[in-house]
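Those letters in the sequence shown? Residues 1 to 94, by the UniProt record's numbering.
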Amino acid sequence: MRRRERKPKQPSTWVDFLLGQFAAAVFAVPTALLLWLLVAKSVSGIGPSDTLIGWGGFWLILGCFAFVSVFFPKAFPDLLGKIWQAFFVLTRWY
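Below, the structure written as C-alpha cells:
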C-alpha cells in the first residue's frame, strides 16, 4: 500500500484571516449578548437603580472577544467553549 504524500501547508492569506474573523463574529455576538444579559440581570437587582449595565457593557464584552480572536486565534474557540460549558452548568442549577 502506498502512502499518500502530504501537501506542504500553504501560508494563510488575508482572505483566510477575514473568513476566520467573520466566523468568530458569528459565534461571538450571540455569546456576548447572552453573557451581557445574564450579567445585567444579576446586577440590576443589587444596589441603586442606576446600577444597570448599559449597551457599553455589551460592546466591552464583544471588544474583548474581538481582541482575543485577532491576537490569540487558537485560544478563541477554547474560550467560547468554556463560556458555553459554564452556561450549561448554570442552567442545571435553575
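Positions of the beta carbon are idealized from the N, C-alpha and C atoms, including for glycine.
Burial state of residue i, where buried means 16 or more other Cβ atoms lie within 10 Å
| i | result |
| --- | --- |
| G14 | The question names Gly, but residue 14 is Trp in the sequence shown. That one is exposed. |
| A28 | buried |
Nearest candidate by alpha-carbon position, reference residue i, set the options
| i | options | result |
| --- | --- | --- |
| V26 | L90, Q85, S69 | S69 |
| I53 | K74, F71, Q10, A40 | A40 |
| F17 | R6, W36, F71 | F71 |
Through-space distance from residue j to residue i, alpha-carbon basis
| i | j | result |
| --- | --- | --- |
| F88 | L60 | 23 Å |
| F67 | L80 | 13 Å |
| L90 | R4 | 47 Å |
| S12 | G20 | 11 Å |
| D78 | F22 | 17 Å |
| A32 | P73 | 17 Å |
| A75 | A86 | 17 Å |
| L38 | K82 | 16 Å |
Segment limits, alpha helix (DSSP H) that includes residue i
| i | result |
| --- | --- |
| R92 | 76-93 |
| S69 | 55-71 |
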